[in-house]
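To start, the structure itself, in structure tokens.
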Amino acid sequence: QNEWYRLRVSAVRPNAVPQDLTVGSSGATCETRAVAFDGVWRTSVPDTMPKTRYSLTGSSRIDLAIKCTVVGEVPIYFAGTNSRSKVATLVVTSGTVTSATPYIA
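Residue numbers for the sequence shown follow the numbering used here, beginning at 79 and rising by one.
Spelled out as structure tokens, the structure:
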């Protein structure tokens, strides 16, 4: 809780259909910012605008900085044209907060 973590997600689809990666559900309590796409760091790290949805191609990778403010479970979904499937769940617990940050000092 209230700690920044880095999360790397890969998308591989045999038919190369684009899909959306969604972190959390409506009323999400996590701040998520892109730091790299396909292994290439953004020119401004992290992304200046937090998002909960990212578009990925059929074969791509995204690195995210993520910080959740409420204890609980946060689902991560891939959504295609006609379906949505949960691919992971972040379990957020309370504990000691460090000074780690994705921002340039």
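Built from N, CA and C at the ideal position, the CB exists for glycine as well.
Cβ neighbour criterion (16 or more within 10 Å) applied to Arg111: Flag for Arg111 reads buried.
Buried/exposed call for Glu109, threshold 16 Cβ in 10 Å: The residue in question, Glu109, is buried, as its Cβ has 16 or more Cβ neighbours within 10 Å.
Phe115 to Tyr132 span [Cα, whole Å]: Distance between the alpha carbons of Phe115 and Tyr132 is about 11 Å.
Environment of Val101 [buried if 16+ CB atoms lie within 10 Å]: Val101 should be labelled buried.
Proximity winner among Arg84, Val169, Ser161, relative to Leu142 (alpha-carbon distances): The shortest Cα separation from Leu142 among Arg84, Val169, Ser161 belongs to Arg84.
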